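A.B. asks: Before I ask anything, here is the structure I am working with.
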Amino acid sequence: MNKKNKNTNDEPPDSMEPGDDIPQKEFQYVLKQLLDAYKPILEQDIKRANSPEALTKEAENDLPDCGEEVEQANQLFEAFFTDKVALQSLPIEARELLGSADQWQWCWRKTRCCMIFGWLLCRGQRNFKAFSYYLYLYWRCVREVLGNPVAQPPTPEQKADFQVLVDALAKAYHPYLKDQLASVQFSSGISEEIFSGQIDCYDSEASIGAIFERMFSAEIGPALFGTEIYDKLNREPFFWFCRCWCLCAIRFGCCLARARNLLDVFRCLQFYFRCLRRCFRPLHCELLKPTGCVDEEPNPEAGPGLSVTVVGTAAGAFFKEYTLEWRKVEGNPCDNESGWTQDGVVYPGGTPTGSSQVSNGVLGWINTTVLAAGSYQIRVCVLSSQTGVAQQCCCIEFNLFKRLVWIDYVAGQPVKTGPGFGPFNPDSPIVDSNPDGKVVPVGCCVRVRGSAYVGECNDRKIKCFDLRYGIGFLPGFGEAGFNPADYTGSLLAPNGPVCYTPPDEAGKRAPWNQVIGRNLTTRFVETEVDFLGSTIKVWKLKDFCFNSANLLPPCPSPNHHCRSGKYTLLLDVEDTLGNHYYDTQHVWFDNKPIHVEFGGIEGLPGCEDLSLNKFVPDGAICSDPWPSNLLGIAYDEYIDYTDLSYPSDNFGYYTIRITRQGGPVYNVPVTPSLTPPVFGANPLRGNQRVGDPGTRCETTIAGCLPLAISSKFYGLLTQLDLRIFDQVCASSLIAPFKPPAGFALARGECCGYTVQLYTRDITRSTSPAPCHEKWSLPWAVCICNDIGVDDNNNPQI
C-alpha cells in the first residue's frame with residue numbers, strides 16, 4: 019500500500035497526524051548533533067570505500083566482532099544522546115511532567131539503553147536467540163545506569179529475573195512467528211495483496227514494533243529494574259512516559275540501524291519526534307475487529323478452545339490499563355452498563371487487564387467456545403493513572419459464526435488432552451483415559467463422537483458433514499501437505515454424508531438434529547412420533563457404529579494388512595456457501611485376530627485320566643510344590659508386522675481357569691517357575707504371547723502378501739502346582755495358590771475338571787458383541803487323587 023496510508027506507530031515518518039507538528043528549532047539542533055555523532059562512522063566507511071585493497075584485507079582477516087558492534091553503538095549514542103539533546107527532543111508536556119533534571123536523569127540514561135538496544139537488534143537479521151542475546155545486553159545496560167549492576171557471574175536471583183525477561187520475549191515473539199508461518203502456509207493471497215498494493219517494503223515494521231509493545235509491559239518491570247528499584251521508580255508520576263519514551267527510542271535506534279542514506283536518517287529523527295509527541299495524545303481507543311460475520315478459530319494465544327481476536331487501539335497520555343468486555347446485542351448503547359462481562363477474555367501476555375498501550379494491534383481474545391451463534395458487542399475502555407480522568411470506551415458489533423468441528427472420542431476412548439494436546443492438535447492420539455492415558459488402538463465396530471456444526475450469520479449455516487478415512491498418519495488441517503482428497507473412504511457409507519438439505523430441510527435443522535458433542539457416525543431416518551395424540555413424521559438422526567473389520571480395505575499396503583494399521587479420520591463440514599471446515603484424528607485400527615488354544619498338561623497323552631500318583635515326584639511332601647507344565651497358545655497378531663513396538667504390539671494378557679465338575683472355579687496363578695514363583699503386576703495374568711498358531715490373517719484374505727511364519731507350537735503358559743488337587747496338602751497353600759473350598763479331591767477320589775484359557779488385547783471397540791477377546795474350547799480331564807493310598811485304601815503321606 020502507499021506508505022502514507024499506514025496507521026501504526028511504525029509508519030514511515032513522513033505521515034502526519036494532529037499533534038505531530040515538529041518544532042523546527044529543536045529539531046534542527048538535534049539533527050545536527052545526530053549528524054555530528056554519525057560523522058566518524060561515515061568517515062570510516064568513506065575511507066574504506068577509497069581503499070578497496072585495505073577493505074578486502076580487512077574483510078578477509080577480521081571476522082565480525084560482537085564486542086566491536088556494541089562499542090560502536092555506545093560511542094554513537096553517548097556522543098549523540100546527551101541530556102541536552104534529550105531535553106530538546108521532548109515535547110513541552112514531557113518537560114513539564116519530568117520536572118527538574120535530577121528527577122529524570124535515570125529515565126534519560128535508561129532511554130539511551132533503549133536506543134542502543136534498537137540499534138543493535140536491527141543491524142541484521144536476528145532470530146529469537148540473537149534477540150535474547152541483545153535483550154541480555156539491554157538488561158545489563160539498564161541495571162548499570164540505575165545503580166543495580168548485574169554481577170559476574172549473575173546471582174541466582176538475577177538469573178531468575180533474566181529468565182522472566184526471556185519468557186516475556188517468547189510470548190511477545192510467538193505471535194510474530196505464527197503470523198509468518200501462516201503467511202508461508204497460506205500463501206495463495208500474497209500475490210494479490212502485492213498486486214493491489216497492500217504489501218510493500220514497510221510491511222514488517224508494524225509487526226516488529228508490536229513485539230516491543232507486547233514485551234515491554236508493566237509485568238516485566240521488577241525483573242528489568244530489580245524489584246526494590248522498580249517499586250521506588252514506579253511511584254514517579256512520569257513513569258508511564260519513560261516507558262513510552264523507551265519504546266520510541268527503541269524504534270528510533272532500529273530505524274537508524276536500517277538507514278541507507280542521510281535522508282533515511284532525517285526521516286528516522288522525524289519519526290522519533292512525532293512518536294514522543296504522540297505519547298501525550300489524550301486517552302483514546304478504537305476497535306477495528308471483529309466486525310461483520312466472524313469465524314471463531316482455535317488460537318494457542320487464547321488458550322484451549324475457540325476464540326475471536328480483538329484488534330484496535332488503546333493508548334494515550336497517563337495510560338494505566340485497558341479492559342475488554344462483551345455482551346449479547348440487545349439494542350443498548352455502548353455506555354449502557356448492563357450485561358457486560360469479562361468472562362473468557364484473554365490479554366496479551368496473560369495479564370489480568372491490558373497492561374500495555376496498543377496501536378492498531380491485538381488487544382486480546384475472547385474465548386467463544388461455549389457461546390452460541392448470534393450478534394455480540396465488544397467494548398474496550400482505556401483508564402488513566404491520573405485521578406479524576408474519565409475512562410475512554412469504544413464499542414464494536416459482530417456476528418459470531420460458530421465452527422464446532424472436532425473429533426473427541428473414538429470407540430468410547432477420548433482424544434488425549436493436556437498441555438500441547440487436545441482435539442485441535444492433529445497429532446493427539448486416542449488414549450484410554452485423560453490426561454495421562456495410554457495410547458490404544460480401536461477395532462471392530464466403532465462409534466466416533468464429536469461436533470459437526472457451523473453457523474449462523476449472513477445466511478451461512480451447515481449444509482453437510484462427512485466422516486472419511488485416509489491410509490497412514492496424514493498431515494492435519496493447517497499442516498503442510500494437508501489434502502482432503504487423500505481421504506477416500508467414508509465411515510458414513512452407504513448412506514453417505516449427513517446433509518441438512520431438502521426434502522424437509524426445516525425439519526432436519528431442528529435443534530435435536532444438531533451434532534454437538536454427540537455421535538458423528540449417524541444418519542437421517544424419517545421417524546413416526548406421537549405428538550399430542552397424532553402421529554407425525556419427523557427426521558431424526560439415528561446413531562450407528564462403523565464396522566471397521568468389514569469396511570476398511572483388506573490390504574491396501576504392506577503396513578495395512580487385514581484392515582489394520584495407522585489411519586487418519588477426517589471430519590469435513592461444508593457450509594451453505596461452499597466453505598469447508600476440517601478436523602483430523604490419528605487412529606490405530608486393529609482387526610487382527612486373537613489365537614487361543616489350550617494344549618494340555620505336559621506329559622499327559624490325550625484322552626487319558628490324570629493320575630496324581632504318576633505326576634507327583636517321589637518323596638513329595640506337602641511343604642514343597644508339585645510342579646506340572648500347562649501348555650497352550652495365547653497369541654495376538656501384530657497390527658503392523660514391520661513395527662514390533664507398542665501399540666502395534668498391543669497384546670493384553672491371558673488367564674487360565676480350572677472348574678471342578680459341579681464345583682468351584684480355581685484361577686490359576688501365572689508363573690514360569692514355582693521355586694520361587696515369578697509374577698507380573700497381576701499374579702493371575704500372563705502378559706506375554708505364548709506359542710504360535712502357525713497361521714496369520716493374511717493367508718485367508720485375497721490380495722494380501724504372505725508372511726514368513728513359524729510352524730504351530732504350544733508354549734509354556736504356567737507351572738501348575740498339583741497340590742491344589744490334594745485335599746490334604748491344599749490346606750497348607752496360601753494365596754494366590756490356595757484353591758477355593760470344595761475344589762480339591764480327597765485321597766482316593768476322582769472327578770472331572772475343565773480347563774479354559776482366556777486371552778485379550780488392548781484394542782477398544784463399541785461392538786455390541788465381545789471383540790478382541792477370546793476363550794479357548796474347554797479342555798476336559800478326569801483327575802484321580804491316588805497318591806499315598808495303601809492296599810486298604812488308607813491315605814498315607
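For the sequence shown, our numbering begins at 19 and goes up steadily by one. Where is the CB? At the ideal position from N, CA and C, for every residue including glycine. From a predicted model like this one, the values you see are computed outputs, not experimental measurements.
1) If Q603 and V433 are in contact, beta carbons under 8 Å, what's the gap, nearest whole angstrom?
2) State the DSSP-derived secondary structure class of Q90, mapped to helix, strand or coil.
3) Can you tell me whether G136 is buried or exposed, with buried defined as 16 or more other CB within 10 angstroms of its CB?
4) Count the other CB atoms, across all protein chains shown, that sit within 10 Å of the CB of W530; report buried if there are 16 or more and exposed otherwise.
5) Taking the alpha carbon of P322 as the point to measure from, which residue in F289, A335 and V363 has its own alpha carbon closest?
6) Would you call the stretch 517-524 and the stretch 455-473 touching, i.e. three or more CB-CB distances under 8 Å?
7) Can you tell me where the alpha helix (DSSP H) with Y156 in it begins and where it stops?
8) Hey, how far is the Cα of R296 from the Cα of R269?
9) Taking only the alpha-carbon atoms, compute the straight-line gap between G436 and S446 and give it to the nearest angstrom.
10) Alpha carbon to alpha carbon, how far is W344 from Q395?
11) Starting from E319, trace the beta strand (DSSP E) in both directions and tell me its first and last residue.
12) What residue from E655, A759 and F45 has the CA that sits closest to P665's CA?
13) Are V449 and R782 close, meaning C-beta to C-beta below 7 Å?
14) According to the neighbour-count rule (16 or more other Cβ atoms, all chains shown, within 10 Å of its Cβ), is E626 buried or exposed?
15) Could you name the residues of the same chain whose beta carbon sits closer than 8 Å to that of L153, not counting the 5 residues immediately before and after it, in chain order?
16) Start and end of the alpha helix (DSSP H) containing S785?
17) Looking at the unbroken beta strand (DSSP E) that takes in K250, where does it start and where does it end?
18) Can you give me the Cβ contacts of C800 inside the same chain, cut-off strictly under 8 Å, excluding the 5 residues immediately before and after it?
19) For G760, list the residues DSSP reports as bridge partners.
20) Hey, how far is the Cα of P171 from the Cα of Y151?
21) Let me know the secondary structure DSSP gives C399 once reduced to three states.
22) For D32, which residues of its own chain have a beta-carbon under 6 Å away from its beta-carbon, when the five flanking residues on both sides are left out?
23) Just to confirm, are C159 and C264 a CB contact at a threshold of 7 Å?
24) Quick one: any contact between the stretch 390-408 and the stretch 329-348, if contact means 3 or more CB pairs under 8 Å?
25) When DSSP labels each residue in this structure, what does N531 get in the three-state scheme?
26) Which residue wins for smallest C-alpha separation from R527, given the options E474, G490, S729 and L105?
27) So, with DSSP's three-state summary, where would you put P645?
28) Only counting the same chain, and skipping five residues up and downstream in sequence, which positions put a Cβ closer than 6 Å to that of K24?
29) Taking 7 Å as the cut-off, decide whether the C-beta atoms of E314 and G330 are in contact.
30) For G733, which option in P690, K560, A148 and A638 has the closest C-alpha, if you only look at C-alpha atoms?
31) Taking all protein chains shown into account, decide if G535 is buried (16 or more other Cβ within 10 angstroms of its Cβ) or exposed.
32) Taking the straight line between their C-alpha atoms, what separation do you get for T327 and L105?
33) In or out: T784 buried (at least 16 other Cβ within 10 Å) or exposed?
34) Please name the residue or residues paired with Y585 in a DSSP beta bridge.
35) Where do the ends of the alpha helix (DSSP H) carrying N631 lie?
36) Would the beta-carbon of R541 fall within 7 Å of that of N513?
C.D. replies: Here's the rundown:
1) Indeed they touch by this definition, with Cβ atoms about 7 Å apart.
2) DSSP, reduced to helix, strand and coil, places Q90 within a helical segment of the structure shown.
3) Around the beta-carbon of G136, 16 or more other beta-carbon atoms lie within 10 Å, marking it buried.
4) With fewer than 16 other Cβ atoms within 10 Å, it is exposed.
5) When the alpha-carbon of P322 is set against those of F289, A335 and V363, the nearest one is in V363.
6) Cβ pair count under 8 Å is below three, so no.
7) Taken as a continuous stretch (DSSP letters only), the alpha helix (DSSP H) holding Y156 covers F146 to V163.
8) About 14 Å.
9) The alpha-carbon atoms of G436 and S446 are separated by roughly 10 Å.
10) Going by the C-alpha atoms only, they are around 5 Å apart.
11) No beta strand (DSSP E) contains E319, which DSSP labels as neither H nor E.
12) The shortest C-alpha separation from P665 is found at E655.
13) The answer is no: Cβ separation not under 7 Å.
14) With fewer than 16 other Cβ atoms within 10 Å, it is exposed.
15) Annotation for L153: F135, L183, V184 and L187 place their beta carbon closer than 8 Å to its own, counting only its chain and skipping 5 residues before and after.
16) Judged by DSSP secondary structure, S785 falls outside any alpha helix (DSSP H); it is assigned neither H nor E.
17) Not the beta strand (DSSP E): K250 falls in the alpha helix (DSSP H), residues T245 to L251.
18) D627, L628, C768, C769, G770 and Y771, listed in sequence order.
19) Beta bridge pairing from DSSP links G760 with no other residue.
20) Straight across, the Cα-Cα distance linking P171 with Y151 is about 16 Å.
21) Judged by DSSP in its simplified three-state form, C399 adopts strand.
22) No answer about D32 holds up, because its pLDDT of 36 lies below 50 and its placement is not dependable.
23) Not closer than 7 Å, so no.
24) Proximity of the stretch 390-408 to the stretch 329-348 meets the contact definition, three or more beta-carbon pairs being nearer than 8 Å.
25) Secondary structure at N531: helix, using DSSP grouped into helix, strand and coil.
26) By alpha-carbon distance to R527, the top candidate from E474, G490, S729 and L105 is E474.
27) Three-state result, P645: strand.
28) For K24, the predicted structure reports a pLDDT of 39, less than 50, and the residue's modelled location is therefore unreliable. A value from the coordinates is still provided. Sequence-distant Cβ neighbours of K24 in its own chain, meaning closer than 6 Å and more than five residues away, do not exist here.
29) The answer is no: Cβ separation not under 7 Å.
30) Among P690, K560, A148 and A638, the Cα nearest to that of G733 belongs to P690.
31) When all chains shown are included, G535 counts as exposed.
32) C-alpha of T327 to C-alpha of L105: approximately 40 Å in a straight line.
33) In this structure T784 is buried. Its beta-carbon is surrounded by 16 or more other beta-carbon atoms within 10 angstroms.
34) Y585 pairs with I489 and V605.
35) Per DSSP, N631 belongs to the alpha helix (DSSP H) from L630 to F633.
36) Note that the C-beta distance between R541 and N513 is below 7 Å.
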